[in-house]
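Have a look at the structure below before the remarks.
Number of protein chains: 2
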Amino acid sequence: MISIPTIKRFPSYLRVLRHYRQLGYDWISATKIAEELGLTAVQVRKDMAGTGVEGKPKIGFEIDPLIAAIMHNLNWDTQTDAILVGAGNLGLALARYEGFASYGLRITAIFDSDESKCGKAVGDLLIMPINNISSYIQAHEVRIAVLTVPAAQAQQVAEQLVAYGIRAIWNFAPKDLKLSENVIVQRSDLATSFAVLSAKCRRMIDHGENSPVDLL
Amino acid sequence: MISIPTIKRFPSYLRVLRHYRQLGYDWISATKIAEELGLTAVQVRKDMAGTGVEGKPKIGFEIDPLIAAIMHNLNWDTQTDAILVGAGNLGLALARYEGFASYGLRITAIFDSDESKCGKAVGDLLIMPINNISSYIQAHEVRIAVLTVPAAQAQQVAEQLVAYGIRAIWNFAPKDLKLSENVIVQRSDLATSFAVLSAKCRRMIDHGENSPVDLL
DNA sequence: TAGATTGTTAATCGATTAACAATC
DNA sequence: TAGATTGTTAATCGATTAACAATC
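Protein chains in written order, with the numbering used here: chain A, 16 to 231; chain B, 16 to 231.
Right, dumping it as structure tokens:
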């Protein structure tokens, strides 16, 4: 089974691979990928081993099969539908973000508890009242929710989502959710990310020392 | 020196501590904090040890000093100014986000290369043309930039920022920046976060197994 | 062939966890 | 006192890195 640290590097690998593909290359060495991303070549090779794709000594890896293998490992080669809950600043920004398509993620509905927002268009979707969420989830069999409600409401809304059938939550609210073991929660917490930035700044000032890339 | 994994847990500790403070508690045990966050009590105590605050056997930790110590360790008790570069969907959402104040972060200016956006108000700031960025950085001695430009421009814009004096970049562009060793880069990459969510979903489906909270 | 690269095995490193004495 | 908790030392676990043989 592929480790989480490796999984975290996959999107970066994909970006490098696509970049080199676009430049016209068909093959790329682990050495080159490592150099692009500030990693070691051994680490890149070990990560690649997880995908099942084999390289050729002296040449490297064929780019297209590698892209396909990584995409497949992330399950990004099949489309997954998700709903977005909370049409605030961040929620709307995410709803409008077009890059999700390349992760196989499609936002199929947006919900908000504020009735004055409902009916408004965001891209080709309409904001719907949160009361409709139960029937929507059941009708469309959605299993993933993007949670962008305020922190104060996050726990309660998350519990509702789970009760209605949601099995995985991508949580952007600055709140640590306490949910059943069998519900997947992935945080995307600005505070955590900024805390690391702050700590690195402090270290730089205190000891003039910088550490290599920390993948989130 | 406090480890990065510990730093990543600090914002969650702060949220729990503030929550219990608001409920009227003056003291809290590591056991309780661990339970709230799905961590082990030993880990919480070890993390707390890093702050320098000592607990009392049978009672726990005094909340206020703990909050103060964590805030101080993150350097969140002194205000830091930053500029935001790229007034797209995400950039505007971040510019409007009011929670940064509690991290000691203040966005003092917004820049975009699109002239039609310049002059528009975002909160109490005006979007400024990116040509002004050099003089702004020099005049205001800003050292941190929040980068929310499209991936295709990220590397080039980042290099400019560094040339003008920026020393730390909070990078929201889906691009891995290659910059000088002495520049701090902290990524906040949606793709990485979603990759982990995808992997967890796959594991859940494949083996019915879920792992505990992964802090980004 | 020489040299660059892959892939694997073993060593290292660092964080988490377990065990347990100390405290109130 | 008994029991819950803290704090520390040692063991465990897992990822990264080093060393090196295999390959083209």
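Heads up, the beta-carbon is just placed ideally off N, CA and C, and yes, glycines get one too.
{"query": "Helix, strand or coil at Met16/A according to DSSP, with G and I counted as helix", "result": "coil"}
{"query": "Host beta strand (DSSP E) of Thr123/B (start-end)", "result": "Leu120 to Asp127"}
{"query": "Simplified DSSP state of Leu54/A, which is helix, strand or coil", "result": "coil"}
{"query": "Any non-hydrogen atom of the ligand MG within 7 Å of Glu77/B CB", "result": "Annotation note on the ligand MG: not contained in the displayed structure, which lists no ligands."}
{"query": "Close beta carbons around Thr46/A, own chain, < 7 Å, minus the five adjacent residues each side", "result": "Ala56"}
{"query": "Whole-angstrom C-beta distance between Tyr112/A and Trp91/A, which should lie under 8 Å", "result": "In fact, because the Cβ distance is near 15 Å, the residues do not count as touching under 8 Å."}
{"query": "Partner residues on chain A for Leu141/B, Cβ-Cβ distance less than 8 Å", "result": "By Cβ distance, chain A contributes nothing, its closest Cβ being about 18 Å from Leu141/B, past 8 Å."}
{"query": "Closer than 8 Å to chain B by CB, Trp42/A", "result": "no"}
{"query": "Secondary structure of Arg8/B, DSSP reduced to three states", "result": "Residue 8/B lies beyond the stretch modelled for chain B, which goes from 16 to 231, so this question has no answer here."}
{"query": "Min CB distance Ser131/B to chain A below 8 Å", "result": "no"}
{"query": "Beta carbon proximity, Ala233/A to chain B, threshold 8 Å", "result": "An answer regarding residue 233/A cannot be provided, because it is not within the stretch 16 to 231 covered by chain A."}
{"query": "Reduced DSSP category for Phe76/B - H, G, I as helix; E, B as strand; rest coil", "result": "strand"}
{"query": "Collapsed DSSP secondary structure at Arg202/B in the structure displayed", "result": "strand"}
{"query": "Contacting residues, own chain, Cβ-Cβ under 8 Å from Leu194/A (five flanking each side not counted)", "result": "Ala173, Glu174, Val177, Ile184 and Val200"}
{"query": "Alpha carbon of Lys215/B to alpha carbon of Arg60/A, nearest angstrom", "result": "23 Å"}
{"query": "Terminal residues of the alpha helix (DSSP H) in which Leu107/A lies", "result": "Asn104 to Arg111"}
{"query": "Inter-residue Cα distance where the pair is Leu89/A and Ala210/B", "result": "6 Å"}
{"query": "Any chain A beta carbon closer than 8 Å to Phe76/B", "result": "no"}
{"query": "Length of the line joining the Cα atoms of Val68/B and Arg182/A", "result": "39 Å"}
{"query": "Under 8 Å between C-beta atoms of Leu29/B and Ile85/B", "result": "yes"}
{"query": "Three-way DSSP call (helix, strand, coil) for Ala188/A in this model", "result": "coil"}
{"query": "Option nearest Ile122/A by Cα separation, candidates Leu32/A, Pro26/A, Ile159/A and Phe76/A", "result": "Ile159/A"}
{"query": "Simplified DSSP state of Pro165/B, which is helix, strand or coil", "result": "coil"}
{"query": "Alpha carbon of Leu192/A to alpha carbon of Asn197/B, nearest angstrom", "result": "36 Å"}
{"query": "Distance, His87/A Cα to Arg217/B Cα", "result": "11 Å"}
{"query": "Whether Ala97/A touches Val161/A by CB criterion (8 Å)", "result": "yes"}
{"query": "Buried or exposed by the 16-neighbour rule on C-beta atoms within 10 Å, applied to Lys12/B", "result": "No statement about residue 12/B is possible, as the shown extent of chain B runs from 16 to 231 and does not include it."}
{"query": "Proximal residues to Leu107/A (C-beta, below 7 Å), its chain only, five neighbours per side dropped", "result": "Val137"}
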